[in-house]
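Colleague: Line by line, the protein sequences are chains A and B.
Going by our numbering, the first sequence opens with residue 146, and the numbers climb by one from there.
Going by our numbering, the second sequence opens with residue 146, and the numbers climb by one from there.
Positions of the beta carbon are idealized from the N, C-alpha and C atoms, including for glycine.
Number of protein chains: 2
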Amino acid sequence: MPGPTAYFDPATVDSLPAATRDLVERRIRVLGPAYRLFYEEPVQFVRGRGTKLYTADGTEYLDAYNNVPSVGHAHPRVAAAIAEQAARLTTHTRYLDRALVDYAEDLVGEFPAPLRNVMFTCTGSEANDLALRIAKAATGGTGIIVTANAYHGVTTEIAAISPSLGGVESLASWVRVVPAPGDGDFAHDVRNALEDFVASGIRPAALIVDTIFASDGVRPFVPGFATAVAAVRAAGALFIADEVQPGFGRLGTGMWGFARHDLVPDLVTLGKPMGNGHPVAAVVARPELVAAFGDHARYFNTFGGSSVSIAAAQATLDVVRDENLVENARVIGDYLLEQLPTIDGVLEVRGSGLFIGVRVADDRVALGAVNALKRRHILLGESGKDNDVLKIRPPLVFDRADSDRLLEGLTGVLA
Amino acid sequence: MPGPTAYFDPATVDSLPAATRDLVERRIRVLGPAYRLFYEEPVQFVRGRGTKLYTADGTEYLDAYNNVPSVGHAHPRVAAAIAEQAARLTTHTRYLDRALVDYAEDLVGEFPAPLRNVMFTCTGSEANDLALRIAKAATGGTGIIVTANAYHGVTTEIAAISPSLGGVESLASWVRVVPAPGDGDFAHDVRNALEDFVASGIRPAALIVDTIFASDGVRPFVPGFATAVAAVRAAGALFIADEVQPGFGRLGTGMWGFARHDLVPDLVTLGKPMGNGHPVAAVVARPELVAAFGDHARYFNTFGGSSVSIAAAQATLDVVRDENLVENARVIGDYLLEQLPTIDGVLEVRGSGLFIGVRVADDRVALGAVNALKRRHILLGESGKDNDVLKIRPPLVFDRADSDRLLEGLTGVLA
Chain A
146 MPGPTAYFDP
156 ATVDSLPAAT
166 RDLVERRIRV
176 LGPAYRLFYE
186 EPVQFVRGRG
196 TKLYTADGTE
206 YLDAYNNVPS
216 VGHAHPRVAA
226 AIAEQAARLT
236 THTRYLDRAL
246 VDYAEDLVGE
256 FPAPLRNVMF
266 TCTGSEANDL
276 ALRIAKAATG
286 GTGIIVTANA
296 YHGVTTEIAA
306 ISPSLGGVES
316 LASWVRVVPA
326 PGDGDFAHDV
336 RNALEDFVAS
346 GIRPAALIVD
356 TIFASDGVRP
366 FVPGFATAVA
376 AVRAAGALFI
386 ADEVQPGFGR
396 LGTGMWGFAR
406 HDLVPDLVTL
416 GKPMGNGHPV
426 AAVVARPELV
436 AAFGDHARYF
446 NTFGGSSVSI
456 AAAQATLDVV
466 RDENLVENAR
476 VIGDYLLEQL
486 PTIDGVLEVR
496 GSGLFIGVRV
506 ADDRVALGAV
516 NALKRRHILL
526 GESGKDNDVL
536 KIRPPLVFDR
546 ADSDRLLEGL
556 TGVLA
Chain B
146 MPGPTAYFDP
156 ATVDSLPAAT
166 RDLVERRIRV
176 LGPAYRLFYE
186 EPVQFVRGRG
196 TKLYTADGTE
206 YLDAYNNVPS
216 VGHAHPRVAA
226 AIAEQAARLT
236 THTRYLDRAL
246 VDYAEDLVGE
256 FPAPLRNVMF
266 TCTGSEANDL
276 ALRIAKAATG
286 GTGIIVTANA
296 YHGVTTEIAA
306 ISPSLGGVES
316 LASWVRVVPA
326 PGDGDFAHDV
336 RNALEDFVAS
346 GIRPAALIVD
356 TIFASDGVRP
366 FVPGFATAVA
376 AVRAAGALFI
386 ADEVQPGFGR
396 LGTGMWGFAR
406 HDLVPDLVTL
416 GKPMGNGHPV
426 AAVVARPELV
436 AAFGDHARYF
446 NTFGGSSVSI
456 AAAQATLDVV
466 RDENLVENAR
476 VIGDYLLEQL
486 PTIDGVLEVR
496 GSGLFIGVRV
506 ADDRVALGAV
516 NALKRRHILL
526 GESGKDNDVL
536 KIRPPLVFDR
546 ADSDRLLEGL
556 TGVLA
């Protein structure tokens, strides 16, 4: 998640053009102060296609930010699948549905062998929340280890393991925070957290990490990751891979981020790009863990795995494969990783595929770049605990021409 | 939620017809044991329209159970709104969106004056979870009061206040359970719970109830409700109306269930019928409460309030009004409430509008009736902590002919 500096400041509402000001004021009045708008001057898009977004007057923006419309904005195959199913039937998982079973098998077929169960939710937050419920039920533990600036979602339970959120809830007593990989010795730090649980009489349940460490500023290489996971398992706890952001091919090295680290998680959570914008998410798990949970609890999510959600998810997965988007993420990502370090003002480039963090001098430079790029009609975000990392995370159909436009824009605004 | 007896028993899988058996076995293998299927012999529907669902061979079922497709299965206006928006753009609330602001204003306009803020989520679980976060932030308390067989959702936090779920999580130390209205003296029981909080050094945050007490067996009349709410407020806590089931006109007496009791809640949660099956939900609140929360925390729900969700929700709300569905719920509900008590085997009828509980002798009679009606191609559920209540909760377009078909079916199976 980008830092608060990338947002519109409501105190500046009077400086907006009249029509925008009116809409922004109405919005603040009805949605209240917990909502944020991007950019010094907020923008409204009325349509999208591929990597492009358009305002009402037809102005085209290049989207190098949005990871949810992963196969491209308003992809015709996904939109058609949603339209067809919505016109026919939307119902839930307590009736039989061949399409649900087909998709579930198709999805788990993309995972290494021990991960053979899937449960459906509507959001990544719900998926992480359910993964923690399963992990706690299966281990009998409660302790959760997260990284320093982790973001895993917004339910009460998941906000409590998301240091990046700040806010009214302080981190729970059963949470231990370790430095992001690269800021410390990951294996050592995780072992310390496990020892601290023992000292506090808390039984550990899981280590959960976003496998590209997005909110920690993008960390593609994690020395000691396998050692840390082995220590977690030796302590009777589980490894949960939060693939809500890296999953479905974004890293260019396969479908899932955990594979880059030669690891097989116990539980995997999926979300954002899964239905290309339709609210669908999931937990993929080892069957023994689901059994340990399901023996004592039933689970029903009214909209989770509903007919339209499955149609959207199946179409999205089909497009990722049929349009070779993992390969595209690799090729275009490699090009960007090669070109970005040559730009003046870029201090460090970290990433894999189409998930790239670009560290600049400080948060003011990053903030200035994000707003200046927006004025050049290029969308980008910022990240990292110091908000000094530009986050490049476009739809996976981003191509060479898009890349050159982004590189040219970045060169201009960082000059 | 219906009791476990209304579900398919996996141990009987060998007795199913071959094609169904294969699909059920595949489903159990990939989804695991926490999922449930309705009926002794599960059924698959391939399309729906209005109050009717159809299997692949064209057999028509009358739907007297599903409250999510509230304006009717696959309503053409809602399906068209979803299709049009999905083909154009799906994006999130960090960009400006006039349709979002228009819908938000339209929705809060349906509430009494103090309730002027709305925040969007994807599910009723997320809405209840967010409402609790807001209530806790605004009151500084943690104590939550719920009814005996309450069901409010499936996040960790909300499962912990849902006694009907049972399962691995025992109720949290900050939860107090009061008997369902009618099983005790509601005002007295709530006051006792508040006193118990004081004695335990726990500051109360909220009383949360489903305003038709669906999982408590449907309780339309609640003596002492206003007194209970006054006591809650006197203790510095809030009243949260869970309108996920009764909301959007189902009770026939207006849009919201709380209005039947002449109460104005501090927070209201919405879900299931809000997008006629599309995953969209919300919290409606007094602005002071959202301010108390938003001053310390930001809230972003990737899919909550996204473009397609808003299109679905606006079309659904428009249809509820344009097709006079609140009035239809009242008229048809009154007809059912008048006719149902004349059926042999019906011990008690409770309800309002198209949310009706029919108490029969015991859980075996209720279970038998649900499965026998299904064989007659009529869908119904059961409810209540003893599973002895048949739950009639059809799409709001249920008409007189549908009612007569249901009454005839019930008469037959209870004979």
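Out of A/G529, A/V542 and A/G513, which one is the CA nearest neighbour of A/G557?
Modeller: A/G513
Colleague: By the three-class DSSP mapping on this structure, what secondary structure does A/P326 have?
Modeller: strand
Colleague: Jot down the residue ranges of each uninterrupted beta strand (DSSP E) in the stretch 357–397 of chain A, minimum 3 residues, whole runs only, in chain order.
Modeller: 383–387
Colleague: Pull up the distance between the alpha-carbon of A/G397 and that of A/D411, whole angstroms please.
Modeller: 22 Å
Colleague: Return the residue from the list B/P187, B/A151 and B/C267 that minimises the CA-CA distance to B/K417.
Modeller: B/C267
Colleague: Nearest to B/L176 by CA position, among A/V158, A/L260 and A/H522, is which residue?
Modeller: A/L260
Colleague: Output needed for B/V503: all residues of its chain with C-beta closer than 7 Å, excluding positions within five of it in sequence on either side, in chain order.
Modeller: L485, V491, V494, V534, L535 and I537
Colleague: Starting from the beta carbon of B/L316, find every residue of chain A whose beta carbon is closer than 9 Å, and list them in chain order.
Modeller: Those within 9 Å of B/L316 in chain A number zero; the least Cβ separation is about 13 Å.
Colleague: Ends of the alpha helix (DSSP H) at B/R166?
Modeller: A163 to L176
Colleague: May I ask you to list, following chain order, the residues of the stretch 208–225 of chain A that have a beta carbon less than 9 Å from some beta carbon of chain B?
Modeller: N211, V213, P214, H218, A219, P221, V223, A224 and A225
Colleague: Would the beta-carbon of A/G392 fall within 8 Å of that of A/G529?
Modeller: no
Colleague: What beta strand (DSSP E) runs, 3 residues minimum, are completely inside the stretch 445–520 of chain B?
Modeller: Counting only runs of 3 or more, we get 493–497 and 500–504.
Colleague: How about A/P540 and A/H218: do their beta carbons lie closer than 8 Å?
Modeller: Yes. Within cutoff.
Colleague: For a test of the three-state rule: what should DSSP assign to B/K281, helix, strand or coil?
Modeller: helix
Colleague: For B/R538, return the contacting residues in chain A, with the cut-off set at a CB-CB distance below 7 Å.
Modeller: Those do not exist, as B/R538 stays about 13 Å from chain A at its closest Cβ, beyond 7 Å.
Colleague: Does the beta carbon of B/R443 fall short of 7 Å from some heavy atom of the ligand COA?
Modeller: Among the components modelled here there is no ligand, and therefore nothing to report on the ligand COA.
Colleague: With DSSP run on the structure shown, which of helix, strand or coil describes B/H423?
Modeller: strand
Colleague: Interface residues of chain B around A/S360 at Cβ under 9 Å?
Modeller: Taking the beta carbon of A/S360 as reference, no residue of chain B falls within 9 Å; the closest one sits roughly 12 Å away.
Colleague: Going by C-alpha to C-alpha distance, which of B/G420, B/T236, B/L234 and B/I353 sits closest to B/I303?
Modeller: B/I353
Colleague: In angstroms with no decimal places, state the Cα-to-Cα distance between A/L462 and A/M419.
Modeller: Using only the alpha carbons, I get a separation of about 7 Å.
Colleague: Within the continuous alpha helix (DSSP H) that includes B/D251, where are the two ends?
Modeller: R243 to V253
Colleague: Taking 8 Å as the threshold (C-beta atoms), are B/A350 and B/A379 in contact?
Modeller: no
Colleague: Would B/G148 pass as an interface residue toward chain A - the criterion being a Cβ-Cβ separation below 8 Å?
Modeller: Below a pLDDT of 50, predicted positions are generally treated as unreliable, and B/G148, at 42, falls in that range; no measurement from the model is reported.
Colleague: For the alpha helix (DSSP H) containing B/T301, name the first residue and the last one.
Modeller: T301 to A304
Colleague: Output yes if chain A places a C-beta closer than 8 Å to the C-beta of B/G439; else output no.
Modeller: yes
Colleague: Quick check on this structure: which residue in B/A280, B/R475 and B/G327 has the alpha carbon closest to the alpha carbon of B/R348?
Modeller: B/A280
Colleague: Please classify B/A156: is it buried, with 16 or more other beta-carbons within 10 angstroms of its beta-carbon, or exposed?
Modeller: Counting the other Cβ atoms within 10 Å of the Cβ of B/A156 gives fewer than 16, which makes it exposed.
Colleague: Taking CB distances under 8 Å as the criterion, tell me whether A/M565 reaches chain B.
Modeller: The question about residue 565 of chain A has no answer here: the residues shown for chain A are numbered 146 through 560.
Colleague: According to the Cβ coordinates, are A/Y152 and A/L524 closer than 8 Å?
Modeller: no
Colleague: Could you list the residues in the stretch 173–184 of chain B with a C-beta less than 7 Å from some C-beta on chain A, going in chain order?
Modeller: V175, L176, G177, P178, A179, Y180, R181, L182 and F183
Colleague: By the three-class DSSP mapping on this structure, what secondary structure does B/V313 have?
Modeller: Reliability of the predicted coordinates at B/V313 is poor, the pLDDT of 39 falling under 50, and no value is obtained from them.
Colleague: Does B/T447 get closer than 8 Å to chain A when you measure Cβ to Cβ?
Modeller: Yes, contact with chain A.
Colleague: By Cβ distance below 8 Å, which residues in the same chain neighbour B/F190 in space, the five residues on each side in sequence not counted?
Modeller: L198, Y199, T200 and Y206
Colleague: List the residues that DSSP assigns as beta-bridge partners of A/Y206.
Modeller: In DSSP, A/Y206 forms a bridge with A/L198.
Colleague: Between the beta-carbon of A/A427 and the beta-carbon of A/M264, is there less than 8 Å?
Modeller: yes
Colleague: How far does the alpha helix (DSSP H) with B/S548 in it reach, from first residue to last?
Modeller: R545 to L559
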